Ligand SMILES: Cc1cc2nc3c(=O)[nH]c(=O)nc-3n(C[C@H](O)[C@H](O)[C@H](O)COP(=O)(O)OP(=O)(O)OC[C@H]3O[C@@H](n4cnc5c(N)ncnc54)[C@H](O)[C@@H]3O)c2cc1C
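Residue numbers (this note's numbering): 133 to 520.
Below you can see the structure in the form of structure tokens.
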């Protein structure tokens with residue numbers, strides 16, 4: 133614990149910036165979070181407000197990405213204590229849905245592909261249990277009668293991402309973190325140190341800076357005017373359209389995931405009969421408008437899995453921009469060439485899951501101490517020598 137009240141500014145008040153802020157405060161720093169949408173996340177296209185909220189190392193595991201798996205699994209293990217901790221500080225309950233995930237096949241080709249995925253999951257030590265059509269329908273009676281089989285992944289969980297954002301925000305307020313509801317437009321340096329962040333109407337003197345600006349992180353890195361800007365990989369926005377529906381009954385208890393017509397679709401149950409249906413995935417720059425085509429595909433594919441979707445109230449179609457690094461894995465590291473700037477971004481499809489450990493990695497970097505063991509995949513060193 134540092135006692136000298138060093139002032140840390142965090143640019144970005146999504147889940148990564150907020151969890152870093154909370155952890156830094158717990159380690160004795162005085163923290164300010166700057167974000168123009170901090171008072172109302174629904175006003176922006178930040179990924180944290182829009183996400184599906186799956187805590188899903190197994191169903192997000194993919195061939196060739198085995199190295200990242202240990203980080204995702206460590207994050208899942210850290211989630212219960214993390215949720216308890218922030219709930220206590222915020223005096224607001226953040227519940228994890230522990231019912232598990234069903235991966236579902238709708239035809240014989242899907243079933244073969246699912247078996248291949250299940251073999252891969254089991255080969256890397258993850259537990260996926262094969263289910264027959266009848267077993268699936270026993271677990272989720274409103275599923276389409278056309279399902280042919282699936283897998284139960286009882287360890288892939290979910291959390292309400294909006295409740296996570298609000299709980300983190302309350303916890304930050306309770307420990308005295310200062311919020312500035314403005315966009316950072318400029319960063320001032322003296323020699324190799326950043327000393328001030330500038331918004332439209334204020335200048336803030338700082339000792340340390342954390343850039344957690346999600347898909348906008350590269351715009352902020354540019355403000356540093358680094359001598360060798362090519363040494364920092366570009367973070368690109370990956371657009372995701374997502375829907376929120378509601379009904380008077382609990383239509384599903386598990387998270388449902390399937391490939392339909394070659395597209396992936398997932399349905400994540402929330403409290404009070406709500407279901408989140410996601411998500412499209414496109415690289416369209418910073419375009420944050422939901423499209424008729426995206427909404428149509430999500431409704432078409434989710435209805436094929438769960439016909440009851442047609443009966444539900446349509447609450448919202450939204451867009452979030454996922455922050456993607458060149459290898460789609462996170463970057464949490466000090467920026468070379470400046471003494472006091474940490475980059476915490478690139479969490480792509482798994483930032484809600486990784487929130488449970490991202491703050492600890494940032495805090496270790498602030499203290500110049502060893503990051504947690506599983507954080508070895510988040511350093512910038514892995515990009516050395518790779519042309520961006
Ligand atoms: C449709 C969708 C579904 C997803 N589903 C899941 C899921 O099921 N599970 C999972 O683990 N992950 C999921 N993700 C990914 C996850 O949401 C992200 O990885 C995570 O939210 C990234 O958090 P962040 O804090 O880095 O970024 P963000 O939440 O995007 O926050 C960045 C913040 O920086 C602010 N900012 C930008 N520029 C500036 C500036 N100049 N000054 C001040 N502030 C600035 C923005 O306003 C924004 O609020 C999903 C994402 C999307 C879009």
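No residue lacks a Cβ here, since even glycine has one placed at the ideal position from N, Cα and C. Because the structure is a prediction, the values reported are computed rather than measured.
In this structure, residue 143 keeps its C-beta atom at 8 Å or more from the C-beta atom of residue 303. Within 7 Å of the C-beta of residue 425 there is not a single heavy atom belonging to ligand 1. For residue 186, the three-state secondary structure derived from DSSP is strand.
Within the region 424-469, the complete alpha helix (DSSP H) segments of 4 residues or longer fall at 424-437, listed in chain order. A contact between stretches requires three or more CB pairs, one per stretch, nearer than 8 Å, and the region 357-377 meets this requirement with the region 400-417.
Here residue 367 has 347, 349, 350, 455, 456, 457, 477 and 478 as same chain residues with Cβ atoms under 7 Å from its own Cβ, once five neighbours each way along the sequence are excluded. For residue 474, the uninterrupted beta strand (DSSP E) run begins and ends at 473-477, by DSSP. The shortest C-alpha to C-alpha distance from residue 336 to any of 352, 316 and 343 is the one to 316. The Cβ atoms of residue 211 and residue 297 do not sit closer than 8 Å to each other.
Distances taken from the Cβ of residue 203 to the heavy atoms of ligand 1 include none shorter than 7 Å. Contact between residue 235 and residue 389 holds, since their C-beta atoms are separated by about 5 Å, short of 8 Å. For secondary structure counted as the alpha helix (DSSP H) over 4 or more consecutive residues, the region 286-325 holds these complete runs in sequence order: 293-306. In this structure, residue 172 lies away from residue 149, with their beta-carbon atoms at least 8 Å apart. In terms of Cβ geometry, residue 274 and residue 383 form a close pair [threshold 8 Å].
For residue 258 and residue 248, the gap between their C-alpha atoms comes out near 14 Å.
Ranked by how close their Cα comes to the Cα of residue 183, the residues 409, 283, 495 and 494 have 409 in first place. Relative to ligand 1, the nearest heavy atom lies less than 7 Å away from the CB of residue 316.
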